[in-house]
Every structure is written in structure tokens, then in C-alpha cells.
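Right, one structure below, let's go through it.
Residue numbers (our numbering), protein chains in the order written: chain A, 1 to 556; chain C, 1 to 257.
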């Protein structure tokens with residue numbers, strides 16, 4: 001190992017550690033760190049429970065090892081070249097280091113990870129293992145071997161053509177499926193492959209290949225697998241057997257390392273492409289932009305809209321509509337999700353009606369309550385939908401400087417930004433309502449509730465999430481890192497529920513203190529009034545944020 | 001028989017393909033010690049590809065590249081000891097200080113008396129007061145200076161610069177130009193790619209003009225002027241457009257006869 005590379009690695013490790021500790025001054029980082037520590041402490045506290053013993057059964061360990069091995073190979077192969085930090089390209093690729101030295105430098109963090117993982121494994125599972133230290137060391141060595149294989153697969157993946165890469169990728173997936181099916185069948189007696197696949201007719205298609213049943217019930221293989229998956233703790237072994245385990249794992253780590261260094265491929269060109277791709281991805285993520293890049297580079301330009309609807313602030317809505325029309329992937333995903341979600345709700349409604357028609361009586365108020373429950377669940381669809389339509393401040397966050405110069409009011413701008421995702425949420429919900437109405441119509445009053453209620457909910461959800469996107473964008477414009485931590489996202493998710501609390505509380509109070517047929521419309525009216533007021537305040541807050549954010553020298 | 005002049009960079013019949021696209025085709029040129037060679041061309045002409053291939057980051061599809069006599073493909077480590085490369089966009093290690101970057105270079109290139117040398121370099125590049133600042137806190141111009149300090153510290157035989165003056169203030173530009181000239185006089189060769197034709201004209205001894213991956217002119221400004229019918233004091237900008245447009249445009253019907 002080169003002295004300069006070791007120096008670089010240690011200095012960077014030290015600096016990153018200090019940077020991480022300093023980062024704990026931020027409340028969100030501190031909460032996230034505390035949550036991790038708490039989680040580990042809980043695991044450590046309950047480490048003697050039976051569930052931990054289940055995790056280190058031989059079947060589980062073999063399954064875990066298969067996932068590690070298969071995952072390493074596949075993920076490495078998928079990368080097509082090693083991923084480095086952008087400065088590595090400038091400082092390492094053009095410096096007098098051998099390719100092997102650079103590969104070992106790239107593996108150093110992985111070795112550290114394997115060590116930490118081995119220690120955590122030892123701390124959590126020691127009480128359930130006959131030879132805890134030996135098992136932890138073996139696991140660590142196995143992880144190291146997996147890292148070597150992943151690195152080798154990444155280098156190899158970068159040397160072959162795109163066409164060959166796609167073929168090998170699918171072949172690997174096929175092999176993994178067969179291995180997973182075989183493992184589940186032998187170790188856990190789970191049959192993944194449906195029984196008709198082993199019928200004589202299906203077997204005709206694969207003749208003379210062996211079927212899964214043939215392989216699974218092969219005496220030699222079965223005996224071997226049963227021996228491997230012998231349940232219970234490790235049986236007492238002689239010292240030489242322990243040593244042989246250690247030897248095998250250490251040998252696999254050394255052999256994989258030797259093979260990796262023997263690879264003759266040039267890593268620089270493929271790694272440059274992979275590193276650039278990953279760096280661009282990271283930048284897009286930090287800027288809150290979509291990670292998916294459009295496949296087509298040419299589109300037929302949209303015509304200039306003639307109506308006055310798209311003039312002034314409407315131009316922003318028009319721009320988002322154009323982007324939406326070119327974001328087929330997002331729309332297809334949203335459509336598929338809506339189909340599954342409403343399909344489930346429609347199936348529930350269909351089942352109820354089927355049972356009622358089969359003789360099961362249910363009072364009309366209870367049927368109405370059931371329907372309202374389904375509609376409430378459909379209303380909740382907007383929560384998922386708004387995340388799939390990035391046609392708002394998520395996409396425009398990095399254009400804020402330019403937007404400040406547009407001759408439109410901040411309120412109109414904020415409203416225009418959330419118009420398209422809100423409209424899309426409502427359109428997809430309308431599809432859900434139509435699907436539910438197949439099994440019986442809703443009365444006029446319920447439809448009126450939907451007509452006024454759903455927009456209030458969709459507007460509120462889009463308002464809350466856009467506050468988050470806009471705050472992230474203003475932070476970026478101020479030169480701070482823009483990607484949100486998981487804790488921040490969790491807090492926004494909680495807020496997107498709390499935002500309905502005032503209106504819900506008012507609605508309930510009105511319902512509690514009014515009686516008769518006017519009670520429900522009054523309660524709904526109260527809810528609607530408060531909810532739209534909250535929505536208005538949200539848009540107003542967005543407008544204030546747009547108006548007030550500071551622009552740093554970096555964003556100019 | 002005259003003794004052949006030593007060459008720090010020798011590019012012979014170099015070609016680079018990306019799939020079916022030929023980024024550079026049959027390019028040959030050489031750079032001698034103490035010479036400043038400018039590489040100019042429109043976007044996509046193959047300048048960065050050529051520079052990256054000389055530095056060993058990209059593998060040539062055809063031809064060979066030698067740096068101080070070392071084939072960059074067959075003997076990359078020896079070749080890489082001879083040059084310093086500064087890319088168009090500087091990416092330092094965000095969490096390393098200016099001094100730590102220089103420490104790393106000193107270790108990687110086994111620089112003797114590194115501390116004394118980099119102190120002088122920091123003075124020269126006006127970075128002394130920033131020596132303990134981490135790279136992420138530096139402005140773009142400062143990063144460019146840091147990159148130059150890392151390049152000069154290793155005392156390379158050739159410095160390869162891709163757009164070297166991006167982000168520098170007027171004073172910084174003047175200092176860098178002076179540094180380049182001083183080092184060239186001391187025998188260091190420079191190969192620089194730039195769109196700033198005035199800079200290339202003021203600084204370079206010879207100019208290599210690329211167009212769509214092909215060499216269309218290589219020589220001193222006077223030599224290139226011969227290729228296009230221009231007046232004797234025509235600027236590089238005039239020469240560049242005369243040469244590239246002559247190559248790009250079809251021959252006039254009147255000239256065919």
C-alpha cells in the first residue's frame with residue numbers, strides 16, 4: 001500500500017469523523033443520530049431474546065450469506081466501473097500510482113465497514129453462538145470476500161459491451177431466482193414455484209432439463225443441504241474443525257483479493273464514466289431534481305398557447321404541464337399505484353355488496369359509514385400521489401433566482417407552482433371515485449362532499465410538502481447542502497397529518513353540538529371553511545418565503 | 001546527422017472512439033521542453049479527450065502516446081511521474097486543508113524539502129493566508145490556484161492545463177501567466193487548452209488547432225498564417241476562423257476549376 005494513499009485515507013477519515021460530530025449541532029442530525037443509538041441500544045438490550053437465536057440459525061445464516069454474495073456480485077456488475085469521489089479522478093488517476101494501489105485504496109473503507117459489522121454482530125449475537133468470536137471473524141472475512149467480488153464484478157462489467165451487459169444481467173437474475181427457489185424449498189420448505197410448473201405438461205417444455213423438484217429431491221444434494229442446514233446451535237466441534245472454517249473463509253478472502261488484482265482490465269476509463277454519472281446523480285439529488293433523465297433528447301416543441309389562461313403566471317402552469325407530458329415514467333408509476341390502491345378499495349366495496357346480495361343484511365347507516373371510510377382512504381391517496389408528481393418547487397427550486405425577476409406576484413407564483421400536482425392528484429382520485437361507483441352510486445350529498453373536500457385536502461398536502469421543497473431550495477440558494485435528512489422528511493410527513501387537525505377538530509365540535517339532519521352538512525361546512533383557510537395560509541407562507549429568501553453569491 | 005530534439009510529449013496517430021463515434025482521429029504532434037503549446041478548437045473538437053488520453057485517464061483506440069519517452073499505456077506510473085494535469089473543473093477533497101493537499105502531493109511524488117517548496121509556492125500564488133482552510137471554503141479562483149500549487153510542487157517536466165484561467169481575477173491571471181512563462185524558461189513544457197484565443201496567442205509558442213477530432217493546423221502563429229491568405233499581423237482569432245471555416249465550408253464553385 002502506498003504511503004501517500006494511506007495518508008490521504010487516514011486524513012479524510014479523521015476529517016469526516018470530525019465533520020460528522022460537528023454536524024450533530026444541527027437538530028435534525030442529532031435526532032437522527034439519537035434514533036440510531038436508541039435503536040442499537042434496544043437491540044442490545046433484547047439481544048438474549050429468542051428472535052435473535054432465530055436469526056443465527058444455520059438456515060438464516062446461509063440465506064444471509066447467499067444474499068450478501070449474490071447482492072455483491074449483482075450490484076458490482078450493475079455499476080460498470082468503480083465509483084470514486086470526483087477529486088480522486090484529479091488527484092489519483094493522473095498520479096504515479098499503480099492500478100492495484102488505487103483499487104486497494106478504494107477497498108479500505110469496505111474493510112473498515114466489514115470490521116464494524118463484525119463487531120456489531122459479535123455484540124448482538126454472542127450469547128446465541130457456540131463460537132461467537134470465530135463466527136464473527138468468519139463473517140467479517142466473508143464480507144471482505146464479497147467486497148472483492150463486487151469490485152471485480154464492477155471492473156469486469158465496465159469492460160464488456162452494453163448489449164452483453166444487459167444479457168449477463170438477466171442471466172444473473174435468472175440464476176438468482178433458481179437458487180432462491182431451491183434454497184427456500186430445501187431450507188424452509190417454501191414452494192415459490194407454483195405447482196403447475198412441475199406438471200408433466202410444463203416439464204415437456206424443459207425436457208430433458210432437470211426440474212426444481214428433481215434438484216430439490218436429489219438424495220446427494222438433499223443430504224448435503226440438510227447437513228448444512230442442521231437446525232439448532234453449532235454442535236461441538238474439534239479445534240481443527242474451527243480452524244478449517246477460519247481457513248476456508250480467510251482463504252476465500254485472500255483468493256478473491258488475488259483474483260481481483262489479477263484482473264487485467266483498465267479501470268480508469270470506466271471508473272471516470274461511473275464516477276461522473278454518480279456525481280451528477282448526487283448533484284441532482286442535492287438540487288432536489290428528478291434522478292430520472294429523459295431518454296429522448298429531442299421532442300416536438302409545444303405550440304405557443306393562444307388562450308389567455310397561460311399568460312402571465314399561467315406560463316408557469318403551462319411549463320409544468322409540458323414537463324408532465326414528457327414525464328411518462330412518473331405518470332405510469334402514479335397510474336399503476338392508483339390502480340392497485342383503488343383496486344383494493346373497489347374489491348372491499350365489491351365484497352361487501354356481494355355478501356349483502358348473498359343474504360347478509362347490514363343497516364343502511366352502516367353501509368353509508370363503510371362507504372365514507374372508503375372515500376376517506378381514497379382521500380388519503382393524495383398523500384402518496386403528490387410525491388409522484390414533481391411538477392412544483394421540487395423542479396423549480398433551482399430557478400428561484402430567475403423567478404424573482406418575473407413580473408408576477410409571489411402569491412400567484414406560489415399558487416401556480418402547486419396547481420399542477422394538485423390537479424393531477426384530483427384527476428387520479430376522480431378515477432378512484434369512478435371505480436368505486438361501479439359497485440353502486442354515492443348519493444348527491446356525498447358527491448358534493450367529494451367535490452369540495454378532496455381539493456381542500458390535495459391543496460393542503462401539496463402546500464405542506466412545497467413548504468419543505470421551498471425551504472430546501474432556499475437553503476441551497478444560500479449555499480448550504482440541500483438534501484433533506486430522513487428526520488426532516490419524517491417531520492414533514494407528520495406535519496402533513498397535523499395540518500388537518502384544526503379543521504377536523506372544528507368539524508367534530510360542530511357535529512357534537514348540533515343535531516338533526518343539519519348536523520352533518522354544518523360539520524362538513526365548518527371543516528371545509530377552516531381547511532380552506534389553512535390552505536390559504538399555507539399558500540401565503542409559500543409566497544412570503546419566495547419573497548424573502550436570500551440569494552448567496554453561489555446561486556447568482 | 002543532427003541530434004534529434006528531446007520531446008516531453010509525443011502523440012503518434014492517436015485516435016479515440018466512443019462506440020461508433022470518433023472523437024479524435026489520427027492525431028500526431030510533439031511538445032518539446034520549455035515550449036508552451038496551445039490546443040484550440042470549438043466545443044467537441046476533441047481537446048479534452050486528447051488531454052485525458054495523454055494523462056492516461058482514457059485509453060487510446062489507436063496510436064501511441066509517450067510522455068518523456070514512457071508509453072502512457074504500457075508504463076503509466078513512470079509516465080505519470082513526468083507531468084501534472086489540471087482539469088477544467090477543479091475538484092479538491094472538500095475536507096482537506098490547502099496544506100494537506102500539498103502534503104499528499106509531496107508524499108505521492110516523493111518531493112524533497114516539500115515544506116520549504118510549498119511555502120514559497122503559496123507565497124507566489126497568494127495562498128499563504130489560506131493554508132489552513134479546508135477546500136470547501138475556498139472560492140473558485142482560490143481552488144484554481146490550489147490546483148496550480150499542487151501541479152508546480154511536483155516540479156513536472158510538462159504541465160497539462162485544461163482552461164487554466166477559469167475563475168481567476170485579473171491579478172491572478174497576470175500572476176499565473178508570469179508563473180507559466182518563468183517555468184517555461186526554466187525548461188518545463190506546457191500544453192494548455194483554452195477558448196481564450198488572446199491568452200493562447202500571448203502565451204504559446206505553437207498552436208494546435210483541432211476540428212471535429214482532426215488536426216487542421218499545428219505550428220507557430222506565423223506558420224499557421226501561411227495556411228490562410230491573411231495579412232502578416234493577423235491575430236490568432238482571425239487565423240483560427242480563417243482556417244476552421246476554410247476546412248468546414250465546401251469549396252466555392254469558382255475555385256473548383
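We put the beta carbon where it would ideally sit given N, CA and C, even for glycine.
Rounded C-alpha distance that separates residue 504 of chain A from residue 527 of chain A: 6 Å
Residue 183 of chain A, DSSP secondary structure in three states: helix
Extent of the continuous beta strand (DSSP E) to which residue 29 of chain C belongs: 21–31
Whole-Å CB distance - residue 142 of chain C paired with residue 130 of chain C, under 8 Å assumed: 6 Å
Against chain A: residues of the region 67–89 of chain C by CB proximity under 7 Å: 77, 80, 81, 85 and 87
Partners in chain A for residue 107 of chain C, counting only beta-carbon separations shorter than 7 Å: Near residue 107 of chain C (Cβ distances below 7 Å), the residues of chain A are 3, 4 and 7.
Inter-stretch contact at 8 Å, needing at least 3 Cβ pairs: the region 11–30 of chain C / the region 42–58 of chain C: Cβ pair count under 8 Å is three or more, so yes.
Identity of the residues DSSP links to residue 162 of chain C by a beta bridge: C:193
Beta carbon proximity, residue 272 of chain A to chain C, threshold 7 Å: yes
Residue burial classification, residue 385 of chain A (beta-carbon count within 10 angstroms, cutoff 16): buried
Exposure of residue 41 of chain A, with buried meaning 16 or more beta-carbon neighbours within 10 Å: When all chains shown are included, residue 41 of chain A counts as exposed.
Chain C contact residues for residue 269 of chain A, given Cβ-Cβ distances below 8 Å: 57, 58 and 59
Distance, residue 328 of chain A Cα to residue 403 of chain A Cα: 26 Å
Helix, strand or coil at residue 208 of chain C according to DSSP, with G and I counted as helix: strand
Members of the region 81–99 of chain A that neighbour chain C once the beta carbon cut-off is set at 9 Å: 85, 86, 87, 88, 89, 90, 91, 92, 93, 94, 95, 96, 97, 98 and 99
The alpha helix (DSSP H) enclosing residue 494 of chain A, as first and last residue numbers: That run of the alpha helix (DSSP H) goes 486–498.
Residue ranges of each alpha helix (DSSP H) within the region 123–156 of chain C, 4 or longer: 140–153
Near-chain C residues of the region 8–21 of chain A - C-beta to any C-beta below 8 Å: 8, 11, 12, 15, 16 and 19
Residue 25 of chain A in three-state terms, based on DSSP: coil
Contiguous alpha helix (DSSP H) assignments of at least 4 residues, all confined to the region 78–162 of chain A: 86–91, 99–125 and 132–159
Reduced DSSP category for residue 64 of chain C - H, G, I as helix; E, B as strand; rest coil: Looking at residue 64 of chain C - three-state DSSP - the assignment turns out to be strand.
Segment limits, beta strand (DSSP E) that includes residue 214 of chain C: 214–219
Proximity below 7 Å, CB of residue 40 of chain C to CB of residue 239 of chain C: no
Short CB-CB distance (under 7 Å) between residue 20 of chain C and chain A: no
Identity of the residue in C:54, C:89, C:91 and C:134 nearest residue 74 of chain C by Cα: C:54
Cross-strand partners of residue 16 of chain C (DSSP beta bridge): Per the DSSP secondary-structure output, residue 16 of chain C pairs in a beta bridge with C:24.
Chain-order list of residues whose beta-carbon lies under 6 Å from that of residue 459 of chain A (same chain, five-residue window excluded): 422 and 535
Beta-carbon proximity of residue 578 of chain A to residue 317 of chain A, cut-off 7 Å: Outside the shown range of chain A (1 to 556) lies residue 578 of chain A, about which nothing can therefore be said.
Beta carbon proximity, residue 93 of chain C to chain A, threshold 7 Å: yes
Proximity of residue 260 of chain A and residue 151 of chain A at Cβ, strictly below 7 Å: In this structure, the beta-carbon distance from residue 260 of chain A to residue 151 of chain A falls below 7 Å.
Residue(s) in a DSSP beta bridge with residue 97 of chain C: C:134
Cα-Cα separation between residue 472 of chain A and residue 392 of chain A, rounded to whole angstroms: 13 Å
Cα-Cα separation, residue 80 of chain C to residue 173 of chain A: 41 Å
Where residue 266 of chain A meets chain C, residues with beta-carbon distance less than 8 Å: 59
Residue from C:93, C:33 and C:56 with nearest C-alpha to residue 6 of chain C: C:33
Three-state secondary structure assigned by DSSP to residue 62 of chain A: helix
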